[in-house]
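Asks: To start, I am sharing the structure in question, which I have written as structure tokens.
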Amino acid sequence: MYDILIIGGGPAGVSAALTAHNRGKSAAIITNPYEGSGLYKAKEINNYPGLRGASGAKLLETMYAELSGSGIEVIHGRALSAMPISEGFAVSVGQDYLSGKALIIAVGITQSALFPGEAEYLGRGVSYCATCDGMLYRNRSVAVIGLSDESESEAEFLRSIGCKVEYFGRERAKRFKICGGDTVQSLIADDTEYSVDGVFVLRKTIAPSALLSGLELSDGHILANDMGQTSVEGVFAAGDCVGRPYQVARAVGQGNTAALSACEYLDKG
Ligand SMILES: Cc1cc2nc3c(=O)[nH]c(=O)nc-3n(C[C@H](O)[C@H](O)[C@H](O)COP(=O)(O)OP(=O)(O)OC[C@H]3O[C@@H](n4cnc5c(N)ncnc54)[C@H](O)[C@@H]3O)c2cc1C
């Protein structure tokens, strides 16, 4: 079990990890590869001290170079959900679980609007992970709403294990509604209803409300106080996911504050 588990490896998450490590805490970052982040595409950053004119890619590479060899573990993958356990929190990443005594959420801007029926049927036919839950739908009909770069290959995986897959890429439909009784029975895509037993919603990120239950939001952002404390004890948040302005310097500062708060929380026992 790590002292501090950080979800999201942008500037806020990296800053949080470095601070936690410097305070003598074991820390790990669970993150999508940084090449996929919006910042990686920024041509020139002129408002972050010390690296004037650097591209977003250069900034991220410099931050990650600092992590390598530091003892901070970087675990590549998408965190699917977090839940409280007796000593802290367990976070699922694909089929694995990682645990931490405190949690810092630094996932950047996420799409917080869920499709109608998505939250209601999560775990009862709605899944965010083909590899984890695919076998439950072998020889059954599923819909895949493909919103991430890996969606097509995940749909292919579902086909390979015997699922009958109805695939919805970005062009095929825009509006979705998940319907059913105790479990999912159909998906309405635009105006057509498809009879399915499961719906895989494959986004690049997971909406904060789906990531951890009890996390209060405000205006689509995670509600956190000035010290990064969220509505869930032991859970802190930093960076774009807590609100505007969306800026690197702010994200780095908030990552630092959230980590200091997490250390204080752990030290109090
Ligand atoms: C094109 C562009 C140009 C910009 N230019 C500037 C600029 O000049 N100056 C400036 O100050 N700011 C700029 N910004 C804004 C800046 O990039 C952000 O404010 C900053 O990156 C926020 O850092 P963050 O750590 O909060 O989030 P992010 O940098 O978004 O990092 C979050 C990371 O977490 C990952 N993640 C999300 N959910 C999960 C999950 N469930 N599991 C695992 N990983 C997950 C994401 O994929 C991402 O890699 C720019 C942004 C863009 C897109």
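The sequence shown begins at 24 in the numbering used here and counts up one residue at a time.
Built from N, CA and C at the ideal position, the CB exists for glycine as well.
Just so we're clear, the structure is a prediction, and the values are computed from it rather than from any experiment.
Taking C-beta to C-beta, are I127 and I53 nearer than 8 Å?
Replies: On the sequence shown, position 104 is the one that residue 127 refers to. On the sequence shown, position 30 is the one that residue 53 refers to. No. Outside cutoff.
Asks: Rank D172, D156, H99, D242 by C-alpha distance to the C-alpha of D220 and give the top, closest one.
Replies: Walking along the sequence shown from the start, residue 220 turns up at place 197. Per the Cα distances, D156.
Asks: Expressed to the nearest angstrom, what Euclidean distance is found between the alpha-carbon atoms of R273 and D214?
Replies: Translated into positions along the sequence shown, residue 273 becomes position 250. Translated into positions along the sequence shown, residue 214 becomes position 191. If I take the Cα positions, the gap works out to 43 Å.
Asks: From S284 to A261, what distance separates their C-alpha atoms?
Replies: Here residue 284 corresponds to residue number 261 of the sequence shown, with the count starting at 1. Here residue 261 corresponds to residue number 238 of the sequence shown, with the count starting at 1. Spanning the two alpha carbons is a distance of roughly 11 Å.
Asks: Flag this pair as yes or no: are the beta carbons of Y144 and G204 separated by less than 8 Å?
Replies: In the sequence shown, residue 144 corresponds to position 121, counting from 1. In the sequence shown, residue 204 corresponds to position 181, counting from 1. The answer is no: Cβ separation not under 8 Å.
Asks: Does the segment 98 to 110 come close enough to the segment 57 to 77 that 3 or more CB-CB pairs lie under 8 Å?
Replies: Judged by Cβ distances under 8 Å, the segment 57 to 77 makes no contact with the segment 98 to 110, as fewer than three pairs qualify.
Asks: Consult DSSP for G276 and reduce its assignment to one of helix, strand or coil.
Replies: Along the sequence shown, one-based indexing puts residue 276 at 253. Looking at G276 - three-state DSSP - the assignment turns out to be helix.
Asks: Check whether the Cβ of I30 lies closer than 7 Å to any heavy atom of ligand 1, and answer yes or no.
Replies: On the sequence shown, residue 30 is found 7 positions in, with the first residue counted as 1. Result yes, Cβ under 7 Å from ligand 1.
Asks: Name the two residues that bound the continuous alpha helix (DSSP H) containing C155.
Replies: Along the sequence shown, one-based indexing puts residue 155 at 132. Unbroken alpha helix (DSSP H) run through C155: 153 to 156.
Asks: Going along the chain, which unbroken runs of the beta strand (DSSP E) with 3 or more residues stay wholly within the segment 112 to 169?
Replies: If we require 3 residues or more, the beta strand (DSSP E) runs fully inside the segment 112 to 169 come out as 119 to 128, 164 to 169.
Asks: Following a CB-centred definition, is K81 positioned closer than 7 Å to any heavy atom of ligand 1?
Replies: For this step, residue 81 is matched to residue 58 along the sequence shown. For ligand 1, not one heavy atom lies less than 7 Å from the Cβ of K81.
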